[in-house]
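Undergrad:
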Amino acid sequence: MERRKNCGKDGYLVHYGLANCERFSRAREGGLFDEKGNEWITCTRECLAEKLIAISEESPSLTCAALEKAAFDTHVPCYLQCHFCSICKNHKWALFSTYRIADFLNANSVSQVLDIIAECGLSGCFT
Numbered sequence: 157m158e159r160r161k162n163c164g165k166d167g168y169l170v171h172y173g174l175a176n177c178e179r180f181s182r183a184r185e186g187g188l189f190d191e192k193g194n195e196w197i198t199c200t201r202e203c204l205a206e207k208l209i210a211i212s213e214e215s216p217s218l219t220c221a222a223l224e225k226a227a228f229d230t231h232v233p234c235y236l237q238c239h240f241c242s243i244c245k246n247h248k249w250a251l252f253s254t255y256r257i258a259d260f261l262n263a264n265s266v267s268q269v270l271d272i273i274a275e276c277g278l279s280g281c282f283t
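Each residue of the sequence shown is one higher than the last, beginning at 157 in the numbering used here.
#1: Ordered along the chain, which non-local residues of its own chain (more than five positions away) have a Cβ less than 6 Å from that of Glu-224?
#2: Measuring alpha carbon to alpha carbon, tell me which of Gln-268, Cys-281 and Glu-158 ends up nearest Leu-218.
#3: Tell me which residue opens and which closes the alpha helix (DSSP H) that Ile-197 is part of.
#4: Roughly how many whole angstroms lie between the Cα atoms of Asp-166 and Asn-246?
#5: Please classify Tyr-168: does DSSP put it in a helix, a strand, or coil?
#6: For Cys-163, which residues in the same chain have their Cβ closer than 6 Å to its Cβ, ignoring the five residues on either side in sequence?
#7: Assuming His-239 is part of the alpha helix (DSSP H), what are its boundary residues?
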């Protein structure tokens, strides 16, 4: 997809999507997640990929910025569809050590964290 869109190394596909996919693969291989956590990783990866492909096929002329916005809009639904609320509390340290702090320093990410808290409850994940 990056070859077609050519958003570059700082674009969503490489800088965020591929980077997180690789980090979660390493965390999984390194045993940071148990079976339920690994199921969540697989489910979420598949969901995000399917939705990103659908977005790209439905709107092939999307700009890189529009693709990033559309892709970010799939994160929370995919997380929730894959039962994030049931794994986040027991895997919070694995999650925190897999994500980069920089991943949470933009408006899209902050909004997503708030959406997850609204769905899972503050005590559901973060206490």
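By construction, the Cβ of each residue, glycine as well, lies at the ideal position given by its N, Cα and C atoms.
TA: Reading it off the structure:
#1: On the sequence shown, residue 224 is found 68 positions in, with the first residue counted as 1. Excluding five sequence positions before and after Glu-224, the CB atoms of its chain that fall closer than 6 Å to its own CB belong to Tyr-168, given in chain order.
#2: If you number the sequence shown from 1, residue 218 lands on position 62. Here the closest residue by C-alpha is Glu-158.
#3: Sequence index remark: in the sequence shown, residue 197 carries index 41 (1-based). First-last of the alpha helix (DSSP H) with Ile-197: 191-214.
#4: Your numbering for residue 166 matches position 10 in the sequence shown. Your numbering for residue 246 matches position 90 in the sequence shown. It is roughly 32 Å from the alpha-carbon of Asp-166 to the alpha-carbon of Asn-246.
#5: For the purposes of this step, residue 168 is taken as residue 12 along the sequence shown, with counting starting at 1. Here DSSP, grouped into helix, strand and coil, assigns Tyr-168 to helix.
#6: As a first step, residue 163 must be located in the sequence shown, where it is residue number 7. Around Cys-163: Leu-169 and Cys-220.
#7: By 1-based counting over the sequence shown, the position of residue 239 is 83. For His-239, there is no enclosing alpha helix (DSSP H), as DSSP gives it neither H nor E.
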